[in-house]
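In this note's numbering, the protein residues as written are 167 to 261.
And the structure:
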């Protein structure tokens, strides 16, 4: 299934790296940038998450909430996010 830009998708909830529930419908009225990455601890994925973190405030000015999503567990996301210096970006676990 392909999600098109601007398409309204089914609501979902996932835990982030801090074990907090991320519920898509709570961001109604905002754009949500779903940035999928295959695995934590890989160089390309690290750069992807760091770029989202570095540009977090720019996204906010554009009424956009960026989030990273992968199949890694919550503890893995926490350790990885800490090692990358991620403070604002929510990294969701689809595990």
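All C-beta atoms, glycine included, are put in the ideal place defined by N, C-alpha and C. Quick caveat, the model's predicted, so the values are computed rather than measured.
Assign residue 247 to buried or exposed, taking buried as 16 or more other Cβ atoms, counted over all protein chains shown, within 10 Å of its Cβ. Here residue 247 refers to the residue found at position 81 of the chain shown. With 16 or more other Cβ atoms within 10 Å, it is buried.
Mind checking if residue 202 is an interface residue toward chain C, Cβ cutoff 8 Å exclusive? The displayed structure is made up of one protein chain only, and chain C is not part of it.
Give me the Cα-Cα distance between residue 211 and residue 205, rounded to the nearest whole angstrom. On the chain shown, residue 211 is found 45 positions in, with the first residue counted as 1. On the chain shown, residue 205 is found 39 positions in, with the first residue counted as 1. Distance between the alpha carbons of residue 211 and residue 205 is about 7 Å.
Assuming residue 222 contacts residue 254 (C-beta within less than 8 Å), just tell me the rounded distance between them. By one-based count along the chain shown, residue 222 stands at place 56. By one-based count along the chain shown, residue 254 stands at place 88. Yes, they are in contact, since the Cβ atoms of residue 222 and residue 254 sit about 4 Å apart, within 8 Å.
Within 10 Å of its beta-carbon, does residue 257 have 16 or more other beta-carbons around it, so buried, or fewer, so exposed? Taking the first residue of the chain shown as position 1, residue 257 is located at position 91. The residue in question, residue 257, is buried, as its Cβ has 16 or more Cβ neighbours within 10 Å.
Select from 235, 244 and 240 the residue whose C-alpha is nearest the C-alpha of residue 190. Residue mapping note: residue 190 aligns to position 24 of the chain shown, counting from 1. Here the closest residue by C-alpha is 235.
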